[in-house]
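Everything below concerns the one structure shown next.
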Amino acid sequence: MSFQIPRGTQDILPGEVEKWQYVEKTAREICDTYLYKEIRTPIFEHTELFARGVGESTDIVQKEMYTFLDRKGRSITLRPEGTASTVRSFVEKKLYANPAQPTKLYYIGPMFRYERPQSGRFRQFVQFGVEALGSNDPAIDAEVISLAMSLYQKLGLQSLKLVINSLGDAESRKAHREALIAHFEPRIGEFCSDCQSRLRQNPLRILDCKKDRDHELMATAPSILHYLNEESKAYFEKVQQYLEANNIPFEVDQNLVRGLDYYNHTAFEIMSNAEGFGAITTLCGGGRYNGLAQEIGGPETPGIGFALSIERLLAALEAENITLPIETTIDCYVVSMGDAAKDRAVSLVYELRNAGLKVEKDYENKKMKAQFKAADRHHAKYVAVLGDDELEKNVVALKNMETGSQEDVAIDQLISYLHQNI
């Protein structure tokens with residue numbers, strides 16, 4: 184019987200996984216400079232957390248969650264996104280009581296959504312995201328957006344477009360909600376069943392519909408920007424001011440609503456304009472969610488964050504023909520000939536590795552020529568040859584693979600020699 188990988192998942196093999204490690208390392212380094220600390224939450228949570236936190240009317244909750252009953256009949260869901268889990272932990276562990284606020288967190292890990300797999304979109308995918316909880320300052324909105332842009336730019340991406348919008352506060356959204364209902368209700372029967380149910384649940388979500396995006400009413404729908412009260416307007420203007428001060432170009436898109444119910448005030452997306460990237464251009468999305476902590480039982484806590492797919496980030500790098508500077512060399516390959524030399528090579532390799540050197544040896548009893556070919560495949564900087572003659576003199580014949588020069592080096596001096604010359 185043969186087994187195949189489940190649809191919508193992937194094996195990330197050596198040769199490819201190094202790209203992931205480089206991107207994740209870069210993300211962690213940037214978070215460190217911004218003073219965001221890592222949080223690791225469970226891969227599964229109680230289903231109610233996502234139903235309340237993400238929103239009953241969202242496609243994620245209604246169509247895409249991997250939900251099952253555990254052995255005691257409790258409904259459990261594999262996490263479809265990272266924000267709800269992060270805020271749950273923030274509330275449960277009372278991180279809001281720490282004197283230093285806002286609480287700035289990041290996560291990197293697998294998420295799960297049951298949707299049609301396509302280029303750059305999987306049922307199990309990896310998200311990197313940040314959350315800043317505890318500040319109503321529009322400067323933190325600009326900081327979160329700047330962090331995301333910094334990651335893309337540090338990795339070398341250039342064909343980027345930042346789009347922002349304001350969803351306003353509760354008062355502004357209520358006025359806009361009524362205007363949307365009045366706009367769509369007379370002809371709601373022309374829309375898909377999802378939009379028909381959203382009309383009363385969350386009419387803003389109609390604007391995010393993929394099926395009906397070309398309907399003529401979409402183009403004439405009331406803009407949230409026309410319903411912002413003075414406080415919301417001032418907030419949005421301040422976010423734009425800070426982005427301009429950071430020299431981060433952006434566009435305001437009044438139709439940007441994001442797909443989750445918990446957003447208010449700032450919403451944003453970062454897109455790739457790279458030729459050949461594909462029809463789905465969004466790389467990253469996020470926004471402010473001032474009511475989420477209260478929704479899941481915590482105190483009133485403002486928050487803002489974003490999430491991005493590592494898979495789509497790598498696809499954008501490929502579309503722009505960007506090669507990551509991944510180290511593919513090793514420091515030394517130990518070639519051994521003869522039984523006694525092979526035995527000594529085992530402990531020599533161990534000693535070199537314990538000294539922090541990247542070292543490999545032959546484990547297939549290959550001839551010397553084949554071992555040198557293996558050293559080439561590993562891009563070894565040096566090859567240490569150990570045979571009966573070398574063993575008797577307690578040296579290795581050390582060859583510099585770049586220059587071709589060779590010299591005898593005492594075995595007990597090999598570690599210091601390599602450290603000095605690599």
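One rule links them: number in the numbering used here = place in the sequence shown (from 1) + 183. Using N, Cα and C, we set each Cβ at its ideal position, and we do this for glycine too.
May I have the straight-line CA-CA distance separating residue i from residue j, to the nearest angstrom?
i, j, result
"L196", "L581", "32 Å"
"L489", "R381", "In the sequence as presented, Leu is not what sits at residue 489; that position holds Phe. Taking the straight line from one Cα to the other gives about 24 Å."
"K287", "F419", "22 Å"
"I259", "L569", "58 Å"
"Y425", "V327", "11 Å"
"C214", "S302", "28 Å"
"E483", "Y279", "10 Å"
"T512", "G292", "28 Å"
"E298", "A538", "48 Å"
"A315", "H602", "43 Å"
"F311", "R560", "33 Å"
"S406", "T250", "36 Å"
"E547", "G587", "25 Å"
"R257", "K276", "22 Å"
"R271", "V309", "20 Å"
"V518", "N430", "55 Å"
"Q134", "R211", "Within the shown structure, residues of the chain are numbered from 184 to 605, placing residue 134 beyond reach of any answer."
"F433", "L345", "5 Å"
"Y205", "P508", "8 Å"
"A563", "L439", "51 Å"
"I493", "G317", "27 Å"
"S455", "I505", "14 Å"
"S342", "W203", "21 Å"
"G486", "R471", "6 Å"
"V274", "E478", "11 Å"
"T449", "E354", "15 Å"
"T465", "E373", "28 Å"
"K361", "T224", "It is worth fixing the name first, because residue 361 is Glu in this sequence and not Lys. So the alpha carbons of these two residues sit roughly 38 Å apart."
"T230", "T209", "33 Å"
"A499", "G468", "15 Å"
"S415", "Q379", "29 Å"
"L340", "A457", "9 Å"
"D480", "H398", "In the sequence as presented, Asp is not what sits at residue 480; that position holds Gly. Cα to Cα, G480 sits roughly 39 Å from H398."
"K220", "G474", "22 Å"
For my contact list, residue i and residue j are in at a C-beta cut-off of 8 Å; report their separation, rounded to the angstrom.
i, j, result
"V422", "D320", "Rounded, the Cβ-Cβ distance is 10 Å, inconsistent with contact."
"Y410", "H359", "4 Å"
"L350", "N447", "5 Å"
"Y516", "L330", "Contact doesn't hold; Cβ gap of about 41 Å is too wide."
"F227", "L261", "5 Å"
"I453", "D514", "Not confirmed; about 39 Å, so no contact."
Closer than 8 Å, CB to CB, is residue i near chain B or not?
i, result
"Q589", "Absent here is chain B; the protein component of the structure consists of one chain."
Can you tell me whether residue i is helix, strand or coil according to DSSP?
i, result
"Q307", "strand"
"N412", "coil"
"G372", "helix"
"I605", "coil"
"F367", "helix"
"Y289", "strand"
"R397", "Note that residue 397 is Asp in the sequence shown, not Arg. Here D397 sits in coil by DSSP."
"M520", "coil"
"N537", "helix"
"D571", "helix"
"V542", "strand"
"Q596", "helix"
"L507", "coil"
"V237", "coil"
"E547", "coil"
"T403", "coil"
"E314", "strand"
"D591", "strand"
"L390", "helix"
"K277", "coil"
"E361", "helix"
"L196", "coil"
"L500", "helix"
"F186", "coil"
"F460", "coil"
Based on the DSSP output, what are the partners of residue i in its beta bridges?
i, result
"L349", "Correcting the residue identity first, residue 349 is Ser in this sequence and not Leu. T449."
"A563", "I513"
"H229", "I259"
"F295", "Q307"
"L343", "S455"
"Q301", "R304"
"L581", "A567 and E590"
"K220", "L288"
"T622", "Look at the range of the chain in this structure, 184 to 605, and you will see that residue 622 is not part of it."
Let me check you understand the geometry: is the CB of residue i closer than 7 Å to at least one non-hydrogen atom of the ligand ADP?
i, result
"V274", "This structure simply doesn't include the ligand ADP, nor any ligand for that matter."
At what residue ranges does the segment 463 to 496 contain a whole run of the beta strand (DSSP E), taking only runs of 3 or more? Listed in chain order, they are 465 to 471 and 486 to 492.
Only counting runs of 3 or more residues, tell me where the beta strand (DSSP E) segments fall wholly within the segment 418 to 457, in order along the chain. 447 to 455
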